[in-house]
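Q: If you scroll down you'll find the structure; I have some questions about it.
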Amino acid sequence: MMADASGDPSIAQAVADMRSDTVTKPTRAMREAMLNATVGDDVLGDDPTVMELEAQAAKWLGKEAALFTTSGTQANLCAVMVHCAQRGCEVILGCDSHICIYEGGGIANVAGAHPRQLPNNADGTIDLDAVEAAIRPNDVHFPRTALLCIENTHNRRGGVALPVEYMDAAGALCKRRGLRLHVDGARLPNACVKMGVSAARMVQAADSVSLCLSKGLGAPAGSVLAGSKAFIAEARRARKALGGGLRQVGVLAAPALLALTTMWNRLEEDHARLVGLHAKLATVKALDVPPMPPTATNMLYVGTRALDAKAICQLLESEHGVRVLPVGPHEIRLVCNYMVTDEHVEDLHTKFAAAAEAVASPV
1 MMADASGDPS IAQAVADMRS DTVTKPTRAM REAMLNATVG DDVLGDDPTV
51 MELEAQAAKW LGKEAALFTT SGTQANLCAV MVHCAQRGCE VILGCDSHIC
101 IYEGGGIANV AGAHPRQLPN NADGTIDLDA VEAAIRPNDV HFPRTALLCI
151 ENTHNRRGGV ALPVEYMDAA GALCKRRGLR LHVDGARLPN ACVKMGVSAA
201 RMVQAADSVS LCLSKGLGAP AGSVLAGSKA FIAEARRARK ALGGGLRQVG
251 VLAAPALLAL TTMWNRLEED HARLVGLHAK LATVKALDVP PMPPTATNML
301 YVGTRALDAK AICQLLESEH GVRVLPVGPH EIRLVCNYMV TDEHVEDLHT
351 KFAAAAEAVA SPV
């Protein structure tokens with residue numbers, strides 16, 4: 001029986017699903033952990049599995065405490081609600097950040113914070129001189145600048161990892177100017193593996209950090225938010241107001257805990273697999289494959305020139321058993337995850353070429 005890249009034959013799949021790293025299915029061990037989880041009422045604070053997950057996550061991230069949330073979006077929103085408790089505060093963030101683009105405008109319509117968007121550089125960073133220049137003066141005409149949000153790795157910049165030196169510099173700027181620093185670390189494990197640093201070191205300068213457990217780590221659901229004890233106490237209030245208080249949620253915390261403690265180190269396999277995939281797709285003339293940046297992790301964006309990206313994706317799935325994601329009229333995203341094997345990507349370039357040719361020359 002074919003196994004996935006984690007070696008678990010129970011979740012092997014013939015289809016190469018590279019739309020995201022969120023599409024993975026829980027391993028056999030995760031399912032057994034769900035079945036055998038010791039649970040309590042998390043809203044009342046007595047679910048032991050949730051408490052163990054939160055303690056372990058806080059330790060890994062080098063923070064005093066952590067909070068289990070239903071999603072990264074909820075974790076990021078709770079963070080903004082705490083850091084910008086006074087409505088009308090301003091958040092500086094990248095114009096192509098996940099918080100800005102993909103989280104329903106929650107920081108504005110729920111948290112009441114004003115987003116100040118600055119350009120993201122090709123390496124995912126925001127120019128720190130621009131950040132400092134964007135901090136508002138103490139004037140009644142302007143909102144109060146309260147928070148800087150950084151995303152690491154950066155999705156819309158191709159999954160690039162931001163170096164720890166940049167994270168430190170951003171934290172130093174925030175401390176000097178009286179701002180808080182929140183890190184959207186949905187794919188922080190990928191950044192840490194790529195840069196060869198621990199999670200605690202990577203976000204040492206941050207006041208808070210979110211970490212998604214259902215992306216590269218492969219848990220079925222959930223994220224954690226970490227920070228000081230006082231911050232997490234307020235974040236727990238924000239989570240409750242958002243309807244995020246769950247009861248016997250240890251059944252989700254158990255596989256998340258397993259993901260956190262066992263799946264981190266294998267992310268390097270996804271990164272290595274992407275390097276080979278990039279080299280092969282670069283040979284497909286119908287595709288515009290940019291050079292791979294040295295900080296790339298598990299994600300690749302390719303252009304389809306004048307061809308319809310959605311049509312190519314549809315043919316790849318229907319004719320070749322490959323699922324990838326159209327992210328624009330002429331752009332496709334591929335993400336390596338633990339269910340994608342070497343066999344899946346071995347001849348992916350020929351399948352892309354065939355699909356592109358069929359779209360270019362319809363019968």
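Numbering-wise (the UniProt record's numbering), the sequence shown opens with residue 1 and increments by one. All C-beta atoms, glycine included, are put in the ideal place defined by N, C-alpha and C. In this text, all values refer to a predicted model and were calculated from it rather than measured experimentally.
Can you pull the DSSP bridge partners for I92?
A: In the DSSP output, where bridge partners are listed per residue, I92 has R116, L148.
Q: Below 8 Å, how does it come out for the region 165 to 177 and the region 130 to 141: are there three or more Cβ pairs, yes or no?
A: yes
Q: Check each candidate in E331, D288, R156, V249 and name the one with the smallest Cα separation from V39.
A: V249
Q: Would you mind sorting R19 into buried or exposed? The rule is 16 or more other CB atoms within 10 Å of its CB.
A: buried
Q: Just tell me which of V327, L246, D308 has its CA closest to the CA of A360.
A: The shortest Cα separation from A360 among V327, L246, D308 belongs to D308.
Q: Are the CB atoms of P326 and K310 within a distance shorter than 7 Å?
A: yes
Q: Tell me whether H141 is buried or exposed, calling it buried when 16 or more other Cβ atoms sit within 10 Å of its Cβ.
A: exposed
Q: Hey, quick one: how far does the beta strand (DSSP E) through M299 stretch, first residue to last?
A: 299 to 303
Q: So what's D17 in DSSP terms, helix, strand or just coil?
A: Here D17 sits in strand by DSSP.
Q: Helix, strand or coil for L281, going by three-state DSSP, please let me know.
A: Helix, per DSSP.
Q: Determine the extent of the alpha helix (DSSP H) in which I101 is found, giving its start and end residues.
A: 98 to 101
Q: Do you know how far the Cα of M339 is from the Cα of P9?
A: Caution applies to P9, whose pLDDT of 48 falls short of 50 and renders its modelled position unreliable; the model cannot decide the point.
Q: Suppose you measure from the CA of W60 to the CA of M195; what does that come to, to the nearest Å?
A: 16 Å
Q: Give the range of the beta strand (DSSP E) segment to which D184 is assigned.
A: D184 -> beta strand (DSSP E) spans 180 to 185.
Q: Out of curiosity, what's the CA-to-CA distance linking residue 364 and V43?
A: This structure cannot settle anything about residue 364, because the visible part of the chain is limited to 1 through 363.
Q: Quickly, what does DSSP pair A65 with across the bridge? List them, please.
A: G227
Q: Checking 7 Å against the spacing of the C-beta atoms, do T297 and T70 come in under that value?
A: no
Q: By a C-beta neighbour count over all protein chains shown, 10 Å radius and 16 as the cutoff for buried, is V15 buried or exposed?
A: V15 sits exposed, since fewer than 16 C-beta atoms from the chains shown fall within 10 Å of its C-beta.
Q: Per DSSP, what are the beta-bridge partners of R333 in this structure?
A: Y301, L325
Q: Please list, in chain order, all residues of the same chain as E268 whose beta carbon is under 7 Å from its beta carbon, the five residues on each side excluded.
A: V193
Q: Spatial neighbours of R136 within its chain, please: CB distance less than 8 Å, with the 5 preceding and 5 following residues excluded, ordered by chain position.
A: E90, F142, P143, R144, T145
Q: Considering only residues of the same chain and omitting the five flanking positions on each side of D17, which have a CB-CB separation below 6 Å?
A: V23, R323
Q: Please check the pair E52 and S228, which I expect to be a contact at CB under 8 Å, by giving their CB distance rounded to whole angstroms.
A: E52 to S228, Cβ: 20 Å. No contact.
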